[in-house]
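Visitor:
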Ligand code: BTN
């Protein structure tokens, strides 16, 4: 296990884009000045208040949606050791009590796959209140953790799930079981278009299968955002 630690970086994902390729190299920064989230959003990265972690892998044959699901599942398993209340929201966010606590940003380049994970650790919910989705942190949920252990457990889970993907043996039904969005009514946001649908399941490519008034559709993570309708 090789993990580099930095006081500050623009973004741990961007750092791994700039270094010579070294498989399974991990990097942690205490703060990021240009932390990025999915779909062009920024990621709040104040010093020590979150875990900002990225891991470098050889490229995979699998599509990015499926890889994102597997790495989201790996992050969920890591957090699940701290509390049984965590769950997943397709494609790869980890939630607890209706609020987002962690997110995954997988990025593919010609010679490498970069998996970035952000976990809110010490933020107050007030500090997270301006984000686009309700968010929380481990501390705000009263969940105790050990920073070093969290990093090494996350590293091991991500590497294990990389190998599962590589062998074609990551099971989407495991993901489905941890994702209560499946089997419920959802609101789909696709660019300017917003429509209601019912989430039927996740297919082998990691697409979310939804039933809409126009029939069955497959949603890919790069294009859409999905919210639960209560
Ligand atoms: C999301 O939008 O849910 C994904 C958030 C991913 C954030 C992490 S923090 C470490 C790594 N570096 C980045 O710039 N982003 C990811």
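Numbering (our numbering), first residue to last: 17 to 246.
We put the beta carbon where it would ideally sit given N, CA and C, even for glycine.
The structure displayed is predicted, hence computed values, not measured ones.
If you measure between the beta carbons of residue 84 and residue 134, is that distance less than 8 Å?
Guide: Residue numbering aside, residue 84 sits at position 68 when the chain shown is read from its first letter. Residue numbering aside, residue 134 sits at position 118 when the chain shown is read from its first letter. No, these two residues do not count as a Cβ contact at 8 Å.
Visitor: Any idea if residue 156 is buried or exposed, counting beta-carbon neighbours within 10 angstroms, 16 or more meaning buried?
Guide: The residue labelled residue 156 in the question sits at position 140 within the chain shown. Buried is the call here.
Visitor: Per the contact definition of three or more C-beta pairs closer than 8 Å, is the region 92-103 in contact with the region 18-38?
Guide: Counting Cβ pairs under 8 Å, fewer than three are found: no touch.
Visitor: Which class does residue 139 belong to by DSSP, given the choice of helix, strand or coil?
Guide: Locating residue 139 in the chain shown gives position 123, where the first residue counts as 1. Correct three-state label for residue 139: coil.
Visitor: I'd like to know whether the C-beta atoms of residue 68 and residue 45 end up nearer to each other than 8 Å.
Guide: Along the chain shown, one-based indexing puts residue 68 at 52. Along the chain shown, one-based indexing puts residue 45 at 29. For residue 68 and residue 45, yes; Cβs fall inside 8 Å.
Visitor: Using alpha carbons as the reference points, say which of 186, 151 and 119 lies closest to residue 86.
Guide: Counting from 1 along the chain shown, the entry for residue 86 is found at position 70. For the residues 186, 151 and 119, the minimum Cα distance to residue 86 belongs to 186.
Visitor: Are residue 226 and residue 192 touching if we call contact CB-CB under 8 Å?
Guide: The sequence position of residue 226 within the chain shown is 210, counting from 1. The sequence position of residue 192 within the chain shown is 176, counting from 1. No. Outside cutoff.
Visitor: Who are the near neighbours of residue 76 in its chain, counting only those whose CB is closer than 7 Å to its CB and skipping five residues on each side?
Guide: For the purposes of this step, residue 76 is identified with residue 60 of the chain shown, where counting begins at 1. Answer for residue 76: 83, 129, 181 and 182, listed in chain order.
Visitor: Between residue 68 and the ligand BTN, is there a pair consisting of the residue's CB and a ligand heavy atom that are separated by less than 7 Å?
Guide: Along the chain shown, read from residue 1 onward, the residue named residue 68 stands at position 52. At least one heavy atom of the ligand BTN is nearer than 7 Å to the Cβ of residue 68, so yes.
Visitor: Would you identify the three-state DSSP class for residue 118, choosing helix, strand or coil?
Guide: Numbered from 1 along the chain shown, position 102 holds the residue referred to as residue 118. It is a strand residue.
Visitor: Mark residue 140 as exposed unless 16 or more other C-beta atoms lie within 10 angstroms of its C-beta, in which case mark it buried.
Guide: For this step, residue 140 is matched to residue 124 along the chain shown. Residue 140 is exposed by the Cβ-count criterion.
Visitor: Starting from residue 71, trace the beta strand (DSSP E) both ways and give me its first and last residue.
Guide: On the chain shown, position 55 is the one that residue 71 refers to. Residues 66-73.
Visitor: Whole-angstrom Cβ separation of residue 50 and residue 27, contact assumed at under 8 Å?
Guide: Looking up residue 50 in the chain shown gives position 34. Looking up residue 27 in the chain shown gives position 11. Indeed they touch by this definition, with Cβ atoms about 5 Å apart.
Visitor: By Cβ distance, which residues of its chain are closer than 8 Å to residue 177, with the 5 residues on each side in sequence left out?
Guide: Here residue 177 refers to the residue found at position 161 when the chain shown is read from its first residue. Result list for residue 177: 86, 87, 89, 90 and 186, in chain order.
Visitor: Between the Cα of residue 33 and those of 63, 73, 54 and 117, spot the shortest distance and give me the residue it belongs to.
Guide: For the purposes of this step, residue 33 is taken as the residue at position 17 of the chain shown. Checking every option, the nearest Cα to that of residue 33 belongs to 73.
Visitor: Mind checking which residues open and close the alpha helix (DSSP H) that includes residue 228?
Guide: As a working note, residue 228 is residue 212 in the chain shown. From DSSP, residue 228 is part of no alpha helix (DSSP H) but of the beta strand (DSSP E) over 224-228.
Visitor: Since residue 29 contacts residue 52 with CB under 8 Å, what's their CB separation in whole angstroms?
Guide: As a working mapping, residue 29 is identified with position 13 in the chain shown. As a working mapping, residue 52 is identified with position 36 in the chain shown. That belief holds up - the Cβ atoms of residue 29 and residue 52 are roughly 7 Å apart, short of 8 Å.
Visitor: For residue 169, which residues of its own chain have a beta-carbon under 8 Å away from its beta-carbon, when the five flanking residues on both sides are left out?
Guide: As a position in the chain shown, residue 169 is number 153, starting the count at 1. 94 and 97.
Visitor: Which parts of the region 176-246 are runs of the alpha helix (DSSP H), unbroken and 4 residues or longer, counting only runs that do not cross its ends?
Guide: The qualifying runs are 188-193.
Visitor: Going by C-alpha distance, which of 244, 152, 202 and 150 is nearest residue 228?
Guide: As a first step, residue 228 must be located in the chain shown, where it is residue number 212. The shortest C-alpha separation from residue 228 is found at 202.
Visitor: Between the Cα of residue 212 and the Cα atoms of 121, 188, 105 and 245, which residue gives the shortest distance?
Guide: On the chain shown, residue 212 is found 196 positions in, with the first residue counted as 1. Checking every option, the nearest Cα to that of residue 212 belongs to 245.
Visitor: For residue 54, count the other beta carbons within 10 Å of its own beta carbon; 16 or more makes it buried, fewer makes it exposed. Which is it?
Guide: Locating residue 54 in the chain shown gives position 38, counting from the first residue. Buried, by the Cβ-count rule.
Visitor: Under 8 Å, do residue 25 and residue 105 count as touching if we go by C-beta distance?
Guide: Within the chain shown, numbered from 1, the residue matching residue 25 stands at position 9. Within the chain shown, numbered from 1, the residue matching residue 105 stands at position 89. Taking 8 Å as the Cβ cut-off, residue 25 and residue 105 do not qualify as a contacting pair.
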